[in-house]
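One structure is given below, encoded as structure tokens.
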Amino acid sequence: MKPADDNPRHGNLEMANAFKLVAESLINETDRGTVVLATAWLDESLTAILRTYMKPSEKADDLFSPGRPLGDFGTKIILADRLRLVAPSMIRSLEIIRKLRNEFAHIASDLTFETQSVKDRVQNVFRENEDLLLVMGETLIEKGMSFGQEDDLSIEHMLKRFGTRALFQYTCAFLNGALALVKFHLKPAEPQFSFEELEP
Numbered sequence: 020m021k022p023a024d025d026n027p028r029h030g031n032l033e034m035a036n037a038f039k040l041v042a043e044s045l046i047n048e049t050d051r052g053t054v055v056l057a058t059a060w061l062d063e064s065l066t067a068i069l070r071t072y073m074k075p076s077e078k079a080d081d082l083f084s085p086g087r088p089l090g091d092f093g094t095k096i097i098l099a100d101r102l103r104l105v106a107p108s109m110i111r112s113l114e115i116i117r118k119l120r121n122e123f124a125h126i127a128s129d130l131t132f133e134t135q136s137v138k139d140r141v142q143n144v145f146r147e148n149e150d151l152l153l154v155m156g157e158t159l160i161e162k163g164m165s166f167g168q169e170d171d172l173s174i175e176h177m178l179k180r181f182g183t184r185a186l187f188q189y190t191c192a193f194l195n196g197a198l199a200l201v202k203f204h205l206k207p208a209e210p211q212f213s214f215e216e217l218e219p
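Here you go:
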């Protein structure tokens, strides 16, 4: 069964739109707002992948609602991994971001992107997506942006240019774009049973 639209250009547009949606929504956010809102976008996109893959419900589908079996972001990440719907590096990134969200979500939290534990987690997200970020950086250099580097471009150069929060925002936007592309190309699960095999 082919996806409804297998035109590569349309898939790229889906990815670009998903990137833009998240990038623009995070521009003016605080550190806490960035982490919480970015995670909400990624949760929503991962939910869309699972809904696309699973058998549609004939009634109101609350399987993914808070408090329901698949209502938790962590559970969705595990399920997407076990069903092999998302690449391992993406799974690792989502899991790090989920943990960050949990830390930032506490009302009394005074965490920022300058907090060492946060910096360490965010650096892990950057490392998981280094190739993607460096491609973005090289593209920006081609467009005339300077990172002030004398040798090969690195994540450190990009951090100095954008700052941790902005680079994290771009990274989450890229991840959201990647999830949109997964959904675009995803085929619904085929039945694994056959009544014909049960016939005498």
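Our numbering applies: residue 20 is where the sequence shown begins, and numbers increase by one.
Where is the CB? At the ideal position from N, CA and C, for every residue including glycine.
Quick one, which of the options has its alpha-carbon nearest residue i's?
| i | options | result |
| --- | --- | --- |
| residue 193 | 47, 43 and 29 | 43 |
| residue 104 | 120, 73 and 133 | 73 |
| residue 157 | 142, 176 and 89 | 176 |
| residue 118 | 139, 107 and 98 | 139 |
| residue 124 | 110, 37, 49 and 30 | 49 |
| residue 95 | 106, 69, 30 and 75 | 69 |
| residue 181 | 155, 202 and 195 | 155 |
| residue 32 | 203, 211 and 212 | 203 |
| residue 106 | 178, 200, 163 and 71 | 200 |
What's the C-alpha gap between residue i and residue j?
| i | j | result |
| --- | --- | --- |
| residue 206 | residue 58 | 25 Å |
| residue 60 | residue 102 | 21 Å |
| residue 120 | residue 209 | 34 Å |
| residue 39 | residue 99 | 24 Å |
| residue 196 | residue 152 | 13 Å |
Could you check how far apart the C-beta atoms of residue i and residue j are, in whole angstroms? I think they sit under 8 Å.
| i | j | result |
| --- | --- | --- |
| residue 137 | residue 116 | Going by Cβ atoms, the distance from residue 137 to residue 116 rounds to 11 Å, so no, they are not a contact pair. |
| residue 198 | residue 64 | 4 Å |
| residue 160 | residue 166 | 7 Å |
Using the rule of at least 16 other Cβ atoms within 10 Å of the residue's Cβ for burial, across every protein chain shown, is residue i buried or exposed?
| i | result |
| --- | --- |
| residue 221 | The displayed coordinates of the chain run from 20 to 219. Any statement about residue 221 would go beyond what the structure contains. |
| residue 28 | exposed |
| residue 235 | No statement about residue 235 is possible, as the shown extent of the chain runs from 20 to 219 and does not include it. |
| residue 37 | buried |
| residue 110 | buried |
Problem - Three CB pairs or more closer than 8 Å across the region 75 to 93 and the region 162 to 174 - result: no
Segment contact flag, the region 181 to 195 with the region 141 to 155, C-beta cutoff 8 Å, min 3 pairs = yes
Can at least three beta-carbon pairs, one atom from the region 113 to 132 and one from the region 48 to 58, be found at a separation below 8 Å?
Three or more Cβ pairs closer than 8 Å define a contact, and the region 113 to 132 meets that threshold against the region 48 to 58.
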